[in-house]
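Q: Residue numbers (UniProt numbering): 1 to 299. Virtual Cβ for every residue (Gly too), placed ideally from N, Cα, C.
Here it is in structure tokens:
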């Protein structure tokens, strides 16, 4: 029996739509821009690709030599990148799952995070030594680097700002200069996940015990986990004032303006390790990846 929660807030619902089962513990997932493809990754070192419209899925034949820690799609493309504990970044095409396009191997520590610039042509990757490297995707060379943190997310739209998490602090850097615009302090424990809202005006961050939303350098919303262990966070793709937060045995909706909380308690007996959202489809899909090897798509 499927015990997946059906979450309801103010007359709308988020319902489990379809599941894809891989052969590995999953750690991250991301949608393609058109919302038709979901890539996920984890312990096996091989990307797991799901095709939403057909219900098909495939694991790539080639792999990293160690765990993949994060996956991100290039905007407007079926190309995605993976960062790995093997200290490398690799590029793939979801339409050609048997082909490895290229890779970058200049990091000297596990590559924890990465993100494509929204205007194209550039990829940032960050490692567990807080080294951030900037890659030119056309020439396949490194063009810049700095030491700032291990989680990175570009501001949507212009990509003029880069949010970087370093332990329990977030730095907002101007890009490509890396000049510091803001420092966001408030979390006690290390930050597990960060994301921008679609306008690029707000940032959400989550540590194991704390959710925060920031705007103009200030914390405008805080929610304590009350014993739950949070892992990942996204803004809801249809309702910009709603956060989706996931972790160990929990999946919650948080309304920023009213501070309303909707939860169904146990999402399962597993850790939900990653969340993704797409605004491209009429159903406004949300995806979750988990430690039990399952990717779930929500409507």
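Checking the sheet assignment: what are the DSSP bridge partners for residue 247?
A: Residue 247 sits at position 247 when you count from the first residue of the chain shown. BP columns for residue 247 point to 230, 250.
Q: Quick one: any contact between the segment 75-95 and the segment 117-126, if contact means 3 or more CB pairs under 8 Å?
A: yes
Q: Could you compute how far the alpha carbon of residue 93 sits from the alpha carbon of residue 289?
A: For this step, residue 93 is matched to residue 93 along the chain shown. For this step, residue 289 is matched to residue 289 along the chain shown. Taking the straight line joining both Cα atoms gives about 20 Å.
Q: Quick one: is residue 285 buried, meaning 16 or more other Cβ sit within 10 Å of its Cβ, or exposed?
A: Here the question's residue 285 lines up with position 285 in the chain shown. It counts as buried.
Q: Between the alpha carbons of residue 176 and residue 160, how many angstroms are there, rounded?
A: Counting from 1 along the chain shown, the entry for residue 176 is found at position 176. Counting from 1 along the chain shown, the entry for residue 160 is found at position 160. Their backbone Cα atoms lie some 8 Å apart in a straight line.
Q: Bridge partners of residue 16, per DSSP?
A: One-based indexing of the chain shown puts residue 16 at position 16. Residue 16 pairs with 298.
Q: Report buried or exposed for residue 291, applying the criterion of at least 16 other Cβ atoms within 10 angstroms of its Cβ.
A: One-based indexing of the chain shown puts residue 291 at position 291. That one is buried.
Q: Can you tell me whether residue 44 is helix, strand or coil according to DSSP?
A: In the chain shown, the residue the question calls residue 44 occupies position 44. It is coil, neither helix nor strand.
Q: Can you say whether residue 295 is buried or exposed, counting buried as having 16 or more other CB atoms within 10 angstroms of its CB?
A: The residue given as residue 295 occupies position 295 in the chain shown. Looking at its Cβ environment, which holds 16 or more other Cβ atoms inside 10 Å, residue 295 is buried.
Q: Residue 145: which of 239, 45, 133 sits nearest, CA to CA?
A: Taking the first residue of the chain shown as position 1, residue 145 is located at position 145. Selected option, being the one with the closest Cα: 133.
Q: Output the boundary residues of the beta strand (DSSP E) element that contains residue 72.
A: On the chain shown, residue 72 is found 72 positions in, with the first residue counted as 1. That run of the beta strand (DSSP E) goes 68-73.
Q: On the criterion of 16 or more Cβ atoms from any shown chain inside 10 Å, does residue 183 qualify as buried, or is it exposed?
A: For the purposes of this step, residue 183 is taken as the residue at position 183 of the chain shown. Around the C-beta of residue 183, fewer than 16 other C-beta atoms lie within 10 Å, and the residue is accordingly described as exposed.
Q: So for residue 130, helix, strand or coil by DSSP?
A: Counting from one through the chain shown, the residue named residue 130 turns up at place 130. Looking at residue 130 - three-state DSSP - the assignment turns out to be coil, as it is neither helix nor strand.
Q: Considering Cα atoms alone, identify which of 38, 148, 63, 68 is closest to residue 56.
A: Residue numbering aside, residue 56 sits at position 56 when the chain shown is read from its first letter. It is 38 whose Cα lies nearest to the Cα of residue 56.
Q: If distances are taken between C-alpha atoms only, which option among 242, 239, 212 comes closest to residue 231?
A: Translated into the one-based positions of the chain shown, residue 231 becomes position 231. Closest by alpha carbon: 212.
Q: To the nearest angstrom, report how far apart residue 187 and residue 276 are at their CA atoms.
A: Sequence index remark: in the chain shown, residue 187 carries index 187 (1-based). Sequence index remark: in the chain shown, residue 276 carries index 276 (1-based). For residue 187 and residue 276, the distance between alpha carbons rounds to 23 Å.
Q: If you draw a straight line from the C-alpha of residue 210 to the C-alpha of residue 220, how long is it?
A: Numbered from 1 along the chain shown, position 210 holds the residue referred to as residue 210. Numbered from 1 along the chain shown, position 220 holds the residue referred to as residue 220. Taking the straight line joining both Cα atoms gives about 13 Å.
Q: Under the DSSP definition of a beta bridge, which residues are partnered with residue 165?
A: For the purposes of this step, residue 165 is identified with residue 165 of the chain shown, where counting begins at 1. Partner(s): 151, 170.
Q: Taking the alpha-carbon positions, what's the residue 185 to residue 205 distance?
A: The sequence position of residue 185 within the chain shown is 185, counting from 1. The sequence position of residue 205 within the chain shown is 205, counting from 1. Our two residues, residue 185 and residue 205, have alpha carbons roughly 11 Å apart in a direct line.
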